[in-house]
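Residue numbering for the sequence shown is 5 to 190, as defined by my numbering.
We treat Cβ as the ideally placed atom computed from N, Cα and C, and that holds for glycine.
Note that the coordinates shown come from a computational prediction; the quantities given were computed from them, not determined experimentally.
Data block below; observations after.
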Amino acid sequence: RSVQALAGTGLIGVAKDNLEKEGTVPALAAGFIQIELDLETGKYEILDYLGVADCGTVIHPRGLEIQVKSAAVMGFGMAGYERHAYDPQNGLPASVGFHNSKLPTYLDSPTPMDWAAMDIPDPQNPVGAKGIGEPIQGCAAAALLCAISDALGGHLFNRVPVTADMIVNFASSRTQSHGRVQTNTT
């Protein structure tokens with residue numbers, strides 16, 4: 005549904021590389037997402053997601069479907085839930101439990117999750133396959149952040165996760181409860 009809604013809006017991507025063609029060809033991915041954002045609470049609901057994988061030859065379609073969908077859910081967690089904090093004095097993790105760093109659950113995942121694959125063999129591999137776990141995770145997180153940014157009129161947050169309090173603070177023109185990421189060098 006999300007891609008159909010974008011038809012005719014000018015979403016076109018063209019890329020040409022001039023890099024050497026030797027070595028491992030990276031797997032690429034694209035993600036499209038549709039959300040509903042409540043500006044009063046800062047909560048959002050993912051209505052629809054489509055993940056497209058350039059994974060080379062599709063060896064096991066059902067396995068690829070599960071990989072694309074589960075990596076997308078992990079990307080949603082990176083973008084919206086999983087907060088990793090470290091003690092600035094000694095560098096030890098401060099997020100040591102699920103209560104500090106929520107993982108996405110079945111209820112956080114959209115029901116209509118679609119997937120597609122390019123299914124173009126990789127000439128650098130005997131079976132023509134490429135890896136696909138990490139590219140989908142990254143593009144799902146980026147798609148969610150772009151959808152939140154679009155819903156807020158183009159505002160970009162400078163860190164993840166983008167939490168409900170950050171959205172409410174922006175929507176009500178209050179200052180953010182966080183600053184830029186600091187580098188601790190001692």
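- Residue pairing by DSSP places I39 opposite I50 in a beta bridge.
- Counting of Cβ neighbours within 10 angstroms places P130 among the exposed residues, the total staying below 16.
- Annotated three-state conformation of L96 is coil, per DSSP.
- Per DSSP, reduced to three states, the secondary structure at L32 is strand.
- For the region 113 to 153, the full-length beta strand (DSSP E) segments reaching 3 residues or more read 117 to 121 along the chain.
- Non-local beta-carbon contacts of L107 in its own chain, meaning distances under 6 Å to residues more than five positions away in sequence, involve G81 in chain order.
- A direct Cα-Cα distance of roughly 7 Å separates E69 from W119.
- By the beta-carbon neighbour count (other beta carbons within 10 angstroms, threshold 16), V100 is exposed.
- When the beta-carbon positions are compared, G35 and G55 come within less than 9 Å of each other.
- Of K47, N22, A76, A98, the smallest CA-CA separation from G137 is found for A76.
- Residue state for A57 is assigned as strand, using DSSP reduced to three classes.
- The beta carbons of G142 and A33 sit closer together than 9 Å.
- Bounds of any alpha helix (DSSP H) do not take in K106, whose DSSP letter is neither H nor E.
- Per DSSP, Y110 has no beta-bridge partner at all.
- The alpha-carbon separation between N173 and G157 amounts to approximately 14 Å.
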